[in-house]
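Q:
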Amino acid sequence: MGARLTVWASDHGRAAVGALGRLARSRVASIMTAGVLGIALALPAAFLLLLDNLERHAGDWDDGAQVSLFLQADVSPEDQAALAASLAERTSIRRTEVVSPDEALEEFQAVAGMDDALAFLDENPLPPLVIVYPVTGTPADEIEALTAEMGEHEAVDTARLDLEWVQRLQAIMELSRRAAWLVVILLAAAVIMVVGNTIRLAIENRREEIVVTKLIGGTNAFIRRPFLYEGAWYGIIGGVLATVLVEGGRLLLSGPLERLASLYQTGPLLTGLGLQGTLALWAAGIALGLCGSWLAVGRHLADIEPR
Numbered sequence: 031m032g033a034r035l036t037v038w039a040s041d042h043g044r045a046a047v048g049a050l051g052r053l054a055r056s057r058v059a060s061i062m063t064a065g066v067l068g069i070a071l072a073l074p075a076a077f078l079l080l081l082d083n084l085e086r087h088a089g090d091w092d093d094g095a096q097v098s099l100f101l102q103a104d105v106s107p108e109d110q111a112a113l114a115a116s117l118a119e120r121t122s123i124r125r126t127e128v129v130s131p132d133e134a135l136e137e138f139q140a141v142a143g144m145d146d147a148l149a150f151l152d153e154n155p156l157p158p159l160v161i162v163y164p165v166t167g168t169p170a171d172e173i174e175a176l177t178a179e180m181g182e183h184e185a186v187d188t189a190r191l192d193l194e195w196v197q198r199l200q201a202i203m204e205l206s207r208r209a210a211w212l213v214v215i216l217l218a219a220a221v222i223m224v225v226g227n228t229i230r231l232a233i234e235n236r237r238e239e240i241v242v243t244k245l246i247g248g249t250n251a252f253i254r255r256p257f258l259y260e261g262a263w264y265g266i267i268g269g270v271l272a273t274v275l276v277e278g279g280r281l282l283l284s285g286p287l288e289r290l291a292s293l294y295q296t297g298p299l300l301t302g303l304g305l306q307g308t309l310a311l312w313a314a315g316i317a318l319g320l321c322g323s324w325l326a327v328g329r330h331l332a333d334i335e336p337r
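Going by the working numbering, the first residue of the sequence shown is number 31, and it counts up by one from there.
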């Protein structure tokens, strides 16, 4: 068993090294093919990275959904604070804010500019208010259920949900996610076709060698092996180039993005791929390269037989 495993590893090692050597000998063509693969892999990777950063910072740019609890007029300030504190302890609520009638009137005056008209009022008509901010990213149906539950509290007169911004943001993010995966699928198909066509040309260039190998008893698996490794090499080189392109683009944008982040008082707006993202990109390149080469070899190798 050990000897067979050694022979198997040796055969695969020779095939992998031989495939890399053939790429090195046709350096210009290999670089051009790997460059096309790198660009095709970099575009969806950059799109997904940008989308991930947008989702991560969505809560930093806006408080998201908020529920306004209009309290009964006779609720004391102490009870208002107690209600807000009890709601803030829930895991589904990020924070709460108490707005007194006087504060609400001042804000209304600042926004509406109706000082003269409000001066004729004998008393403040605005009720006390508790603003509830659910945890960022909470689904809309859960926020609606939370609003209905809080509206049943005895101190609450009306519970009003402001979900318009969150619904717009979630719709945009959902559309972006679908568009990103559409780009991923299309460019993955492009990578497979590029690798497949490259391997097809390699098979045609080595047709006589394949015929001789079959004449002396070489199996299809033996003949297929170096072409599969060639596709894998194209994939990993394309993945490395894609990583360089994505990280290079991020570094070029880092200066303006840091200034923008300081204006909005947020953390870094665009983080890199990281180790996990880099390995995933390389693995995707290898998988697509293997897929393209496997399809090409499976289709064209059977047509080459000794006469």
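Every residue, glycine too, gets a C-beta built ideally from N, C-alpha and C.
1) Measure the CB-CB distance between Leu117 and Val162 and report whether it falls below 7 Å.
2) Can you have a look at Arg34 and say buried or exposed, based on whether 16 or more other CB atoms are within 10 angstroms of its CB?
3) At what residue ranges does the stretch 32-120 contain a whole run of the beta strand (DSSP E), taking only runs of 3 or more?
4) For the beta strand (DSSP E) that Ile123 lies in, which residues bound it at each end?
5) Using a threshold of 7 Å, state whether the C-beta atoms of Ala272 and Leu311 are closer than that.
6) Three or more C-beta pairs closer than 8 Å, one from the stretch 107-115 and one from the stretch 302-319: is that the case here?
7) Less than 7 Å between the C-beta atoms of Val165 and Leu99, yes or no?
8) Note down, one range per segment and in chain order, each alpha helix (DSSP H) of at least 4 residues found wholly within the stretch 143-227.
9) With Ser323 and Ile202 assumed to form a contact (beta carbons below 8 Å), what rounded beta-carbon distance in angstroms separates them?
10) The alpha helix (DSSP H) spanning Gly322 covers which residue range?
11) Just the Cα atoms here: how many angstroms apart are Met223 and Ser284?
12) For a quick check, are the C-beta atoms of Ser60 and Leu71 less than 7 Å apart?
13) Would you report the Cα separation of Gly278 and Asp132, rounded to the nearest angstrom?
14) Under three-state DSSP, which class holds Gly247?
15) Would you check if there are 3 or more beta carbon pairs closer than 8 Å linking the stretch 258-269 to the stretch 38-50?
16) Would Gly319 be called buried (16 or more neighbouring beta carbons within 10 Å of its own) or exposed?
17) Under 8 Å by Cβ, that's how I've got Gly268 and Ala64 pegged, so tell me the actual separation to the nearest angstrom.
18) Assuming Ala75 and Trp263 make a contact with CB atoms under 8 Å, what is their CB distance in whole Å?
19) Excluding the 5 residues flanking Ile233 on each side, which residues of the same chain have their C-beta closer than 8 Å to its C-beta?
20) What's the call for Thr126, buried or exposed, on a 16-neighbour Cβ count within 10 Å?
21) Taking a contact to mean a Cβ-Cβ separation below 7 Å, would you say Ala103 touches Pro157 in this structure?
22) Nearest CA to the CA of Ala39: which residue from Pro286, Gly315 and Arg255?
23) Using three-state DSSP, classify Leu300 as helix, strand or coil.
24) According to DSSP, simplified to helix, strand and coil, what is Ile334?
25) Can the beta-carbon of Leu67 be found less than 7 Å from the beta-carbon of Val221?
26) Determine the closest residue to Arg120 out of Leu159, Asp41 and Leu176, with distance taken between C-alpha atoms.
A: With the given structure in hand:
1) Residue mapping note: residue 117 aligns to position 87 of the sequence shown, counting from 1. Residue mapping note: residue 162 aligns to position 132 of the sequence shown, counting from 1. In this structure, Val162 lies closer than 7 Å to Leu117 by Cβ.
2) As a working note, residue 34 is residue 4 in the sequence shown. It is exposed - the Cβ of Arg34 has fewer than 16 other Cβ atoms within 10 Å.
3) 96-101
4) To locate residue 123, count along the sequence shown from 1; it is residue 93. Counting along the chain, the beta strand (DSSP E) containing Ile123 begins and ends at Ile123 to Val129.
5) As a position in the sequence shown, residue 272 is number 242, starting the count at 1. As a position in the sequence shown, residue 311 is number 281, starting the count at 1. Yes.
6) no
7) Taking the first residue of the sequence shown as 1, we reach residue 165 at position 135. Taking the first residue of the sequence shown as 1, we reach residue 99 at position 69. Going by C-beta atoms, Val165 is not nearer than 7 Å to Leu99.
8) 145-148 and 170-181
9) By one-based count along the sequence shown, residue 323 stands at place 293. By one-based count along the sequence shown, residue 202 stands at place 172. With 8 Å as the limit, Ser323 and Ile202 do not qualify as a contact, their Cβ atoms being about 39 Å apart.
10) Numbered from its first residue, the sequence shown carries residue 322 at position 292. Here the alpha helix (DSSP H) through Gly322 covers Gly304 to His330.
11) Residue numbering aside, residue 223 sits at position 193 when the sequence shown is read from its first letter. Residue numbering aside, residue 284 sits at position 254 when the sequence shown is read from its first letter. If you take the alpha carbons of Met223 and Ser284, they lie about 34 Å apart.
12) Counting from 1 along the sequence shown, the entry for residue 60 is found at position 30. Counting from 1 along the sequence shown, the entry for residue 71 is found at position 41. No, they are not a contact pair.
13) Position 248 of the sequence shown, counting from 1, holds the residue named residue 278. Position 102 of the sequence shown, counting from 1, holds the residue named residue 132. Looking at the two C-alpha atoms, the distance is approximately 54 Å.
14) Along the sequence shown, one-based indexing puts residue 247 at 217. The answer is coil: DSSP assigns Gly247 none of H, G, I, E or B.
15) yes
16) For the purposes of this step, residue 319 is taken as residue 289 along the sequence shown, with counting starting at 1. Buried is the call here.
17) Indexing the sequence shown from 1 puts residue 268 at position 238. Indexing the sequence shown from 1 puts residue 64 at position 34. Yes, Gly268 and Ala64 are in contact; Cβ-Cβ is about 5 Å, under 8 Å.
18) Counting from 1 along the sequence shown, the entry for residue 75 is found at position 45. Counting from 1 along the sequence shown, the entry for residue 263 is found at position 233. That belief does not hold up - the Cβ atoms of Ala75 and Trp263 are roughly 19 Å apart, past 8 Å.
19) What you label residue 233 is simply residue 203 of the sequence shown in a count that begins at 1. Taken in chain order, the residues that qualify are Ile240, Phe257, Ala326, Val327, His330, Leu331 and Ile334.
20) For this step, residue 126 is matched to residue 96 along the sequence shown. The residue in question, Thr126, is buried, as its Cβ has 16 or more Cβ neighbours within 10 Å.
21) For the purposes of this step, residue 103 is taken as residue 73 along the sequence shown, with counting starting at 1. For the purposes of this step, residue 157 is taken as residue 127 along the sequence shown, with counting starting at 1. Cβ atoms of Ala103 and Pro157: closer than 7 Å.
22) By 1-based counting over the sequence shown, the position of residue 39 is 9. If we check each option's Cα against that of Ala39, Arg255 comes out closest.
23) Reading the sequence shown from its first residue, position 270 is the one you call residue 300. If DSSP states are grouped into helix, strand and coil, Leu300 belongs with coil.
24) As a position in the sequence shown, residue 334 is number 304, starting the count at 1. Ile334: coil per DSSP, three-state reduction.
25) As a first step, residue 67 is located in the sequence shown; it is residue number 37 there, counting from the start. As a first step, residue 221 is located in the sequence shown; it is residue number 191 there, counting from the start. Going by C-beta atoms, Leu67 is nearer than 7 Å to Val221.
26) Locating residue 120 in the sequence shown gives position 90, where the first residue counts as 1. For the residues Leu159, Asp41 and Leu176, the minimum Cα distance to Arg120 belongs to Leu176.
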